[in-house]
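Visitor: Structure in structure tokens, see below.
Residue numbers (our numbering): 1 to 253.
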């Protein structure tokens, strides 16, 4: 199987399932709020795993110099269409992060919403990203953690106990297509980076897919959203979430 097939297929539904989903928007807005203090007009940003260009509107509002890449041909096609529609000047490359050879250094590199989770060779990827940061540069990394209460609860209710155990204890996942991904925590990033800030995204809320499919998930979200907002910045790393946003500086910088 072509390793990009899952992402090409997901490109067609990403806008509806995540970007238009209230919990998807909530998470993306939190990420934007967290990286804003590290962005000045004219800063150079690399969006590694840009998908269909979901963050391009935000970049345009900040006056940034944008490079973006994705390994999925369909995602790159949609990202270029999005940039053209916004009249956003951005260099958009069809290349996987591990094969990318930049001609510049970046003030901020964003690996948003699970991009890091596709890599089994995490140390090599972190070392590569570290080398692409300018002095004083920052990595914003949004990872799927091993623990998310509502996702694990949903799998248990469906008797998908092996899937739940694989995520929680082995920190691995396998799609029906056979594509593998890996769940990471704060300690997995500390060799190359120093933690500046951590925000747990939806630790007390269902995931966007549950929100879309189930009335109970929408009711729980309405009830728990205020508390989720309050604890996001101070929650322990083990509490996890649908994602966790880490703001990281080069170790020793």
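Don't be surprised by glycine CBs; every beta carbon is placed ideally from N, CA and C. All values reported here derive from a predicted model rather than from experimental measurement.
Quick check on the burial criterion: 16 or more other C-beta atoms within 10 angstroms. Buried or exposed for residue 83?
Guide: Here the question's residue 83 lines up with position 83 in the chain shown. It counts as buried.
Visitor: Within the chosen definition, does the segment 142-149 reach the segment 120-134 through at least 3 CB pairs nearer than 8 Å?
Guide: With the cut-off at 8 Å, the segment 142-149 and the segment 120-134 do not touch.
Visitor: Would you check if the distance between the CB atom of residue 227 and the CB atom of residue 204 is smaller than 8 Å?
Guide: One-based indexing of the chain shown puts residue 227 at position 227. One-based indexing of the chain shown puts residue 204 at position 204. Yes, the pair counts as a contact, with Cβ atoms nearer than the cut-off.
Visitor: Between the Cα of residue 16 and the Cα atoms of 209, 150, 229, 238, which residue gives the shortest distance?
Guide: For the purposes of this step, residue 16 is identified with residue 16 of the chain shown, where counting begins at 1. Here the closest residue by C-alpha is 209.
Visitor: For residue 74, count neighbouring Cβ atoms within 10 angstroms of its own Cβ and tell me buried if that reaches 16, exposed if not.
Guide: Translated into positions along the chain shown, residue 74 becomes position 74. Under this definition residue 74 is a buried residue.
Visitor: Apart from the five residues just before and just after residue 241, which ones in its own chain have a Cβ nearer than 7 Å to its Cβ?
Guide: Taking the chain shown and counting its residues from 1, the one referred to as residue 241 is at position 241. Excluding residues within five positions, the ones whose Cβ falls inside 7 Å are 145, 148, 200, 201, 202, 203.
Visitor: Given a cut-off of 8 Å on the beta-carbon distance, is the pair residue 88 and residue 66 in contact?
Guide: The residue you call residue 88 lines up with position 88 of the chain shown. The residue you call residue 66 lines up with position 66 of the chain shown. Going by C-beta atoms, residue 88 is nearer than 8 Å to residue 66.
Visitor: Is residue 85 helix, strand or coil by DSSP?
Guide: The residue you call residue 85 lines up with position 85 of the chain shown. In the structure shown, residue 85 sits in a helix (DSSP, three-state: H, G or I).
Visitor: Compute the Euclidean distance between the alpha carbons of residue 96 and residue 55, then round it to the nearest angstrom.
Guide: On the chain shown, residue 96 is found 96 positions in, with the first residue counted as 1. On the chain shown, residue 55 is found 55 positions in, with the first residue counted as 1. Residue 96 and residue 55: Cα-Cα distance of roughly 18 Å.
Visitor: Any heavy atom of the ligand MN closer than 7 Å to the beta-carbon of residue 52?
Guide: Inclusion of the ligand MN in the displayed structure is not the case, the ligand content being empty and no account of it being possible.
Visitor: Going straight from the alpha carbon of residue 259 to that of residue 8, what length do you get?
Guide: Any property of residue 259 remains undetermined from this structure, which presents the chain solely from 1 to 253.
Visitor: Would you kindly report the start and end of the unbroken alpha helix (DSSP H) that includes residue 126?
Guide: On the chain shown, position 126 is the one that residue 126 refers to. 122-132 is the span of the alpha helix (DSSP H), which, as asked, contains residue 126.
Visitor: By DSSP's criteria, residue 8 is part of a beta bridge. Which residues make up the other side?
Guide: As a first step, residue 8 must be located in the chain shown, where it is residue number 8. Bridge partners of residue 8: none, in fact.
Visitor: Identify whether residue 192 lies in helix, strand or coil by the three-state DSSP scheme.
Guide: For the purposes of this step, residue 192 is taken as the residue at position 192 of the chain shown. Here residue 192 sits in coil by DSSP.
Visitor: By DSSP's criteria, residue 39 is part of a beta bridge. Which residues make up the other side?
Guide: Along the chain shown, one-based indexing puts residue 39 at 39. According to DSSP, which records beta bridges pairwise, residue 39 is partnered with nothing at all.
Visitor: Could you check whether the segment 57-64 touches the segment 233-249, counting it as contact only if at least three pairs of C-beta atoms, one from each stretch, sit closer than 8 Å?
Guide: At 8 Å Cβ cutoff, the stretches do not touch.
Visitor: Hey, how far is the Cα of residue 125 from the Cα of residue 71?
Guide: Sequence index remark: in the chain shown, residue 125 carries index 125 (1-based). Sequence index remark: in the chain shown, residue 71 carries index 71 (1-based). Cα to Cα, the separation comes out at about 15 Å.
Visitor: Got a sec, what are the start and stop residues for the alpha helix (DSSP H) residue 20 sits in?
Guide: For the purposes of this step, residue 20 is taken as residue 20 along the chain shown, with counting starting at 1. Looking at the DSSP string, residue 20 is not in any alpha helix (DSSP H), and its letter there is neither H nor E.
Visitor: Which whole-angstrom value is the C-beta distance of residue 183 and residue 121, which I expect to be below 8 Å?
Guide: Indexing the chain shown from 1 puts residue 183 at position 183. Indexing the chain shown from 1 puts residue 121 at position 121. Actually they are not in contact, since the Cβ atoms of residue 183 and residue 121 sit about 15 Å apart, beyond 8 Å.
Visitor: Do you know how far the Cα of residue 77 is from the Cα of residue 1?
Guide: Here residue 1 corresponds to residue number 1 of the chain shown, with the count starting at 1. Here residue 77 corresponds to residue number 77 of the chain shown, with the count starting at 1. Here the model assigns residue 1 a pLDDT of 40, short of 50, so the residue's position is not dependable and the matter cannot be decided.
Visitor: Using the rule of at least 16 other Cβ atoms within 10 Å of the residue's Cβ for burial, across every protein chain shown, is residue 256 buried or exposed?
Guide: With the chain covering 1 to 253 only, the question about residue 256 has no answer from this structure.
Visitor: Within 10 angstroms of the Cβ of residue 104, are there 16 or more other Cβ atoms? Answer buried if so, exposed if not.
Guide: Position 104 of the chain shown, counting from 1, holds the residue named residue 104. That one is exposed.
Visitor: Short of 6 Å in beta carbon distance, which residues of its chain neighbour residue 217, apart from the five on each side in sequence? Order them along the chain.
Guide: Position 217 of the chain shown, counted from the start, is the residue given in the question as residue 217. If we look at residue 217 and ignore the five residues flanking it on each side, its Cβ neighbours are 206, 210, 211.
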